[in-house]
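Below is one structure, written out as structure tokens; comments come after it.
There are 2 protein chains.
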Amino acid sequence: MHSWVDGVAQSQVGLNNRGLAYGDGLFETIAVRGGRPLLLDRHLQRLQWGCERLALVADVRQVRDEVLAYAAALGEGVLKLILTRGDSPRGYAADPQAPARRILQASPLPGYPPSHSAEGVQLFPCRTRLAEQPLLAGLKHLNRLEQVLARNEWQGSAYAEGLMCDLQGRVIEGVYSNLFLIRDAVLYTADLARCGVAGTLRAELLEQAQSLGIQVKVCDLTLQDLANADEVFVCNSIYGIWPVLGVDALRWSAGPVTRKLQTLACALLDL
Amino acid sequence: MHSWVDGVAQSQVGLNNRGLAYGDGLFETIAVRGGRPLLLDRHLQRLQWGCERLALVADVRQVRDEVLAYAAALGEGVLKLILTRGDSPRGYAADPQAPARRILQASPLPGYPPSHSAEGVQLFPCRTRLAEQPLLAGLKHLNRLEQVLARNEWQGSAYAEGLMCDLQGRVIEGVYSNLFLIRDAVLYTADLARCGVAGTLRAELLEQAQSLGIQVKVCDLTLQDLANADEVFVCNSIYGIWPVLGVDALRWSAGPVTRKLQTLACALLDL
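Written out as structure tokens, the structure reads:
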């Protein structure tokens, strides 16, 4: 399906786009099934939060309408939404009133091996560490060189994802997923106040786990916490949940809490 | 003058360009006078170093030839060179062999008030702090949200530049300049091993100051070092050197070392 720029079919942007010049913008990657964008409210909540923190001028209701129309036309696939701080002449200074530019792109749903969900995955231990930047932490912004470097540390299919720590060695997330661990039936995930991307499925799991009677804790996590975990999984809003079987010398198997949350994720994402 | 993409006149890039998607690339901003790109070897050295660190595949001799041809046609202005990791489908993984895409753009030389050089400037004390990321430190990469946030902390002409510290409070640089201070006739500038952009004029000054008999020290700098400085200046390869007159409650005046280096910078940049 053709891309849209500001609601018009278009496959290019001008060279003065601040997304290209400075990574000055945000994005969302949304699963579309049966013409519906899944977890849309969560995606738009994060987008709105990002616009406020970066002072991007966007009408999120208009974005919502466009995403709904695009998804209906797409039917099934991945909808990528990029918001950039429009175009500008050279220089970091921006017109504070300039409306954000909206880009919508489609790609096929990725064909991950079914064993990733059914059995689990190995994580590659990335040497690339996440920097601490509280002003950007949690946002899905366009400054993603850390993820590019981390993802390109491994090739081939032995590893489905990578484990990323911050510069202090805290366990944060995957390269394109959030990470959870379970210890004594409590669900833990990293506090993302200093770095990391606050995933939409992560937010949904944190909210719904409590109503499933699972106690939840968001806090700093160490490699020792990972070593002590009973279960570990990664998740995102495209593939749902993959149990983690190992990273480096550590080994786990898919356990009951992971399976319970997997059922929830499959329902949320029509998997 | 028209922009070039991979050597061809063009004003747009495709939406799959990784510069737009992830800020996955590098840039250089080069002053052009009399058809010549100034400090070209320094710019290309930094570009080469960036390509090695980001594993970008680029033929820097080809880039050099294109920059020379573009500058000759431009005559006078600012040449902006962007290298991105080409186009790719959605996802952080990149083809390790994909050649970098070359973008050349022209803009007029900025019309800064002559008093910035002659008398000096006030710095805005930016609240935005630089994150520590040794893998990216020094590079002029396309992930520039910190600079965008910092530059947009002030409006108007009372401040010509901003002072940026890292998250530990160390004094690092300006938003689009490097910063030097002079104390007891020794020239100091921040070590950029954790964050900051290693400017081309900075590199030139560090090298040439020693041959002018000025002792040079690259090290961590604190606000106390700034408070104790006899002279402070900011510099970049477009405007040269501006003496710094003040930031917050601190005050300096343009001194003899600054003036000596200003003469050098003016010669290097045809100012």
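Protein sequences, first through last, are from chains A and B.
Here this note's numbering is used: the first residue of the first sequence is 1, the next is one more, and so on.
Here this note's numbering is used: the first residue of the second sequence is 272, the next is one more, and so on.
Just so you know, even glycine gets a beta-carbon here, dropped at the ideal spot from N, CA and C.
Query                                                                                                           : Result
Chain-ordered chain A contacts of V284 (chain B) [CB-CB under 9 Å]                                              : Q12, V13, G14, L15, N17, L20
Within 8 Å, strictly: CB atoms of T84 (chain A) and G19 (chain A)                                               : yes
Any beta strand (DSSP E) of 3 or more consecutive residues that is wholly inside the segment 335-371 of chain B : 348-355
Element boundaries [beta strand (DSSP E), containing G409 (chain B)]                                            : Here G409 (chain B) belongs to no beta strand (DSSP E), and DSSP marks it neither H nor E.
Beta carbon proximity, L135 (chain A) to chain B, threshold 8 Å                                                 : yes
Which listed residue (A:L268, A:T222, A:E173, A:I238) has its alpha carbon closest to that of V244 (chain A)    : A:E173
Proximal residues to V232 (chain A) (C-beta, below 6 Å), its chain only, five neighbours per side dropped       : L181, V244, W252
Three CB pairs or more closer than 8 Å across the segment 481-495 of chain B and the segment 363-383 of chain B : no
Same chain, Cβ closer than 8 Å to V175 (chain A), five either side skipped, listed in chain order               : C126, Q147, A150, R151, E161, G162, M164
Residues from the segment 24-42 of chain A in contact with chain B, defined by Cβ distance under 7 Å            : D24
Neighbour flag for H141 (chain A) against chain B, beta carbons, 8 Å                                            : yes
N236 (chain A) at chain B interface by Cβ criterion, 8 Å                                                        : no
Reduced DSSP secondary structure (H/G/I, E/B, other) of D541 (chain B)                                          : coil
Identity of the residue in A:A98, A:R102, A:D87, A:S88 nearest Q62 (chain A) by Cα                              : A:R102
Residues that DSSP places opposite Q105 (chain A) in a beta bridge                                              : A:K80
L68 (chain A) versus P308 (chain B) - alpha carbon distance                                                     : 48 Å
CB contact check: N178 (chain A) to chain B, cutoff 8 Å                                                         : no
Rounded separation between L264 (chain A) and V121 (chain A) - CA only                                          : 19 Å
First and last residue of the uninterrupted beta strand (DSSP E) at W513 (chain B)                              : 511-518
Residues near A58 (chain A) in its chain [Cβ-Cβ closer than 6 Å; skip 5 each side]                              : C51, L83, A100
Cβ neighbour criterion (16 or more within 10 Å) applied to D366 (chain B)                                       : exposed
Among B:L315, B:L345, B:M272, nearest to L297 (chain B) - alpha-carbon criterion                                : B:L315
Local Cβ density within 10 Å of H2 (chain A), reported as buried at 16 or more and exposed below that           : exposed
Neighbour list for P125 (chain A) in chain B, Cβ cutoff strictly below 7 Å                                      : Per Cβ cutoff of 7 Å: no residues; P125 (chain A) is ~16 Å from chain B at best.
For P527 (chain B), the residue or residues it bridges with in DSSP                                             : None; P527 (chain B) has no bridge partner.
L139 (chain A) beta carbon less than 8 Å from that of R64 (chain A)                                             : no
E28 (chain A) versus R400 (chain B): straight-line alpha-carbon distance, rounded                               : 26 Å
Within-8 Å CB hit, L416 (chain B) to chain A                                                                    : yes
Cβ of Q376 (chain B) within 8 Å of any chain A Cβ                                                               : yes
8 Å Cβ cutoff, V197 (chain A) in contact with chain B                                                           : no
Chain B contact residues for V171 (chain A), given Cβ-Cβ distances below 8 Å                                    : Within 8 Å Cβ-Cβ: nothing; V171 (chain A) doesn't reach chain B, min ~18 Å.
Beta-carbon proximity list for V197 (chain A), same chain, < 8 Å, skipping 5 on both sides                      : G138, L139, K140, E173, N178
Three-state secondary structure assigned by DSSP to G7 (chain A)                                                : coil
Euclidean distance between Cα positions of R441 (chain B) and N17 (chain A)                                     : 32 Å
Straight-line Cα distance separating R42 (chain A) from T200 (chain A)                                          : 6 Å
Beta-carbon neighbours of T399 (chain B), restricted to chain A and to distances below 7 Å                      : L135
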